[in-house]
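The numbers in numbering that gives the first Met the number 0 rise by one with no breaks, and the one at position 49 of the sequence shown is 48.
All C-beta atoms, glycine included, are put in the ideal place defined by N, C-alpha and C.
Here's the structure, in structure tokens; my notes come after.
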Amino acid sequence: MSRVKLIDPQDAIGESKPLLDDITATFGSTPAMFKTVANSPAALKMMWTGFGALGGGRLGAQLGEQIAVLVADRNACEYCLAAHTALGRKAGVSAADMSQAQAGHSHDPRVAAALGFAAKLVDARAQVTDADVEALRTAGFDDGEIVELVAHVALNLFTNYVNVALSVPVDFPKVALHKAG
0 MSRVKLIDPQ DAIGESKPLL DDITATFGST PAMFKTVANS PAALKMMWTG FGALGGGRLG
60 AQLGEQIAVL VADRNACEYC LAAHTALGRK AGVSAADMSQ AQAGHSHDPR VAAALGFAAK
120 LVDARAQVTD ADVEALRTAG FDDGEIVELV AHVALNLFTN YVNVALSVPV DFPKVALHKA
180 G
């Protein structure tokens, strides 16, 4: 049971109303996480805008979803793990590759480098080294993509914290945590 009220899109007022209408149109329904965050129009706007901006970024939806499941597993966020596994599959990532990403692994060296860096960002609370950043460059990431990767991790940390701290009910098909790291 959620620790805060879930805002029904039909009952939403103010700035949350048009955002929830857009979210509902995008998903075909309103996921519980958005109903939770709608308690703060500013937080909802920040999150929805962030998803939109990064969704149109250079890393692409597939890598973004693989990063999301890794971060979710590291934070034991069952909600984000379920949601991003479903979104990753919709983006064209195989079930096996999503499971591997959740554990921080990939057969693709570029994806593996991104996941390794994302894992270190989470585990070391952003205390990465010059060598960590250089490993991304060696894997073919430029400075813009490196910054975007950090942004993906940061946005996913926010959503993980919302879902775990506020006990948001999972309304996507459940996925078992690996509890990596």
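Same chain, Cβ closer than 7 Å to residue i, neighbours up to 5 away in sequence not counted
{"i": "His83", "result": "Glu64, Ala67, Val68, Ala71"}
{"i": "Pro172", "result": "Ala81, Ala85"}
{"i": "Lys4", "result": "Asn38"}
{"i": "Ala117", "result": "Ile66, Leu69, Val70, Leu148, Val152"}
{"i": "Ala90", "result": "Ala60, Gln61, Glu64"}
{"i": "Thr29", "result": "Pro8, Leu19, Ile22, Thr23"}
{"i": "Ala150", "result": "Leu53"}
Distance, residue j Cα to residue i Cα
{"i": "Phe33", "j": "Lys119", "result": "28 Å"}
{"i": "Thr35", "j": "Leu176", "result": "22 Å"}
{"i": "Leu62", "j": "Ser105", "result": "11 Å"}
{"i": "Ala125", "j": "Val174", "result": "27 Å"}
{"i": "Asp131", "j": "Pro17", "result": "41 Å"}
{"i": "Lys6", "j": "Pro168", "result": "Correcting the residue identity first, residue 6 is Ile in this sequence and not Lys. Taking the straight line joining both Cα atoms gives about 13 Å."}
{"i": "Glu144", "j": "Leu135", "result": "9 Å"}
{"i": "Pro181", "j": "Ile22", "result": "Past the edges of the chain, shown from 0 to 180, lies residue 181, and the structure says nothing about it."}
{"i": "Val146", "j": "Asp96", "result": "24 Å"}
{"i": "Val163", "j": "Cys76", "result": "6 Å"}
{"i": "Val110", "j": "Arg57", "result": "14 Å"}
{"i": "Ala94", "j": "Tyr160", "result": "25 Å"}
{"i": "Gly103", "j": "Leu114", "result": "6 Å"}
{"i": "Gly51", "j": "Thr25", "result": "11 Å"}
{"i": "Asn55", "j": "Asp10", "result": "Note that residue 55 corresponds to Gly in the displayed sequence, not to Asn. One C-alpha to the other measures close to 30 Å."}
{"i": "Val157", "j": "Ala123", "result": "Checking the displayed sequence, the identity of residue 157 turns out to be Phe instead of Val. If you take the alpha carbons of Phe157 and Ala123, they lie about 16 Å apart."}
{"i": "Gln99", "j": "Lys178", "result": "13 Å"}
{"i": "Val127", "j": "Glu133", "result": "11 Å"}
{"i": "Met0", "j": "Asp142", "result": "42 Å"}
{"i": "Pro185", "j": "Val92", "result": "Outside the displayed span of the chain (0 to 180) sits residue 185, for which this structure offers no information."}
{"i": "Asp129", "j": "Gly27", "result": "44 Å"}
Beta-carbon contacts of residue i that lie in its chain and below 6 Å, excluding the five residues immediately before and after
{"i": "Arg2", "result": "Leu165, Ser166"}
{"i": "Met46", "result": "Val36"}
{"i": "Asn155", "result": "Ala67, Val70"}
{"i": "Thr48", "result": "none"}
Neighbour-count burial assignment, residue i, 16 or more Cβ in a 10 Å radius
{"i": "Phe140", "result": "buried"}
{"i": "Ile12", "result": "exposed"}
{"i": "Gln101", "result": "buried"}
{"i": "Tyr78", "result": "buried"}
{"i": "Gly87", "result": "buried"}
{"i": "Ala31", "result": "buried"}
Same chain, Cβ closer than 8 Å to residue i, neighbours up to 5 away in sequence not counted
{"i": "Lys44", "result": "Glu14, Leu18"}
{"i": "Thr137", "result": "Ala112"}
### Message
As an exercise, report each continuous alpha helix (DSSP H) stretch of at least 4 residues that is fully enclosed by the region 23-94, in chain order.
### Response
31-36, 40-54, 59-73, 77-89
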